[in-house]
Amino acid sequence: MSEKVGEHFYCVFCDLKFHSQADLNMHCNGKKHKNHERIKEEQDAAAASVLVRFVRDCNNKEQLLASYFCKFGLLAKVSILGPAAHGVAKVQFAQPKFAEKALAAGKFQKYRGHALKVCKFEYKPYGGDALRVAAKEEKQNQKTTLEDLHNRVTLILGKENSVSRPTLESPGVSLGLRL
27 MSEKVGEHFY CVFCDLKFHS QADLNMHCNG KKHKNHERIK EEQDAAAASV LVRFVRDCNN
87 KEQLLASYFC KFGLLAKVSI LGPAAHGVAK VQFAQPKFAE KALAAGKFQK YRGHALKVCK
147 FEYKPYGGDA LRVAAKEEKQ NQKTTLEDLH NRVTLILGKE NSVSRPTLES PGVSLGLRL
């Protein structure tokens with residue numbers, strides 16, 4: 027995803043500016059941009075997903091979960107995580123608001139004699155992705171910290187300017203200076 031800002035082109039995923047459309051297009055076809063794009067898609071998918079535990083003793087777990095969770099909203103995907111005997115599944119909705127509705131129904135839910143534990147699905151990057159996500163979060167934190175510092179300094183300077191200070195020209199003010 028990109029946009030034109032003034033006379034520059036800006037890549038939203040990578041937080042980079044380019045001087046020409048050709049440079050932006052070349053960047054968008056690159057490996058780093060594709061990785062950032064994939065990570066963003068995974069984060070969006072995780073925000074619209076719930077983790078379901080205790081799905082055991084059932085032949086078709088995906089169908090059971092799909093038939094239950096479709097009442098909360100449109101489903102995108104139902105997948106069993108790990109070995110089927112562990113009974114852990116991920117239910118991905120089309121939008122995050124549907125996942126929030128499923129979570130609001132309670133942590134423990136019952137359907138057709140199956141006790142389901144429903145939790146928020148959290149995105150956990152692995153390998154090089156973890157480093158990329160951590161670096162991007164650190165960069166964002168630094169940017170936020172700098173903005174907060176700037177706002178505080180501006181606020182303090184604004185308060186100092188509004189307070190009247192004694193000057194050499196003020197009548198009746200002695201600064202205690204001896205010449």
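The sequence shown begins at 27 in our numbering and counts up by one.
Don't be surprised by glycine CBs; every beta carbon is placed ideally from N, CA and C.
Owing to the predicted nature of the structure, the values given are computational and were not obtained by experimental measurement.
Would you check if the distance between the CB atom of L129 and the CB atom of V117 is smaller than 8 Å? Between L129 and V117, the C-beta gap is not smaller than 8 Å, which leaves the two residues out of contact.
With distances taken between CB atoms, is the gap from A125 to V159 smaller than 8 Å? Result no, Cβ atoms of A125 and V159 do not sit closer than 8 Å.
Coarse secondary structure for H140, derived from DSSP in three states: Strand at H140.
Just the Cα atoms here: how many angstroms apart are I182 and K146? Their backbone Cα atoms lie some 42 Å apart in a straight line.
With the cut-off set at 8 Å, would you say A115 and K87 are in Cβ contact? Yes, the pair counts as a contact, with Cβ atoms nearer than the cut-off.
Which of helix, strand or coil does DSSP assign to Y149? Three-state result, Y149: coil.
Could you name the residues of the same chain whose beta carbon sits closer than 6 Å to that of R82, not counting the 5 residues immediately before and after it, in chain order? So the qualifying residues of the chain are G113.
Mind checking H62: buried by the 16 CB within 10 Å criterion, or exposed? With 16 or more other Cβ atoms inside 10 Å of its own Cβ, H62 counts as buried.
Using a threshold of 8 Å, state whether the C-beta atoms of R138 and L107 are closer than that. Between R138 and L107, the C-beta spacing is not below 8 Å.
So who's on the other strand from K43, going by DSSP bridges? Residue pairing from DSSP places K43 in a beta bridge opposite Y36.
What is the C-beta distance between A102 and A131, in whole angstroms, given that I count them as a contact (C-beta under 8 Å)? 19 Å between Cβ atoms; not a contact.
Leaving out five residues on either side along the sequence, give the residues of the same chain with a beta carbon under 6 Å from the beta carbon of A120. For A120, where only same-chain residues beyond five positions count, the Cβ hits under 6 Å are L100, A102.
DSSP on A111, reduced to helix/strand/coil? In the three-state scheme derived from DSSP, where H, G and I count as helix and E and B as strand, A111 is classed as helix.
Taking buried to mean at least 16 other C-beta atoms within 10 Å of its own C-beta, is Y94 buried or exposed? Buried is the call here.
Simplified DSSP state of L77, which is helix, strand or coil: In the structure shown, L77 adopts extended strand secondary structure according to DSSP, grouped into three states.
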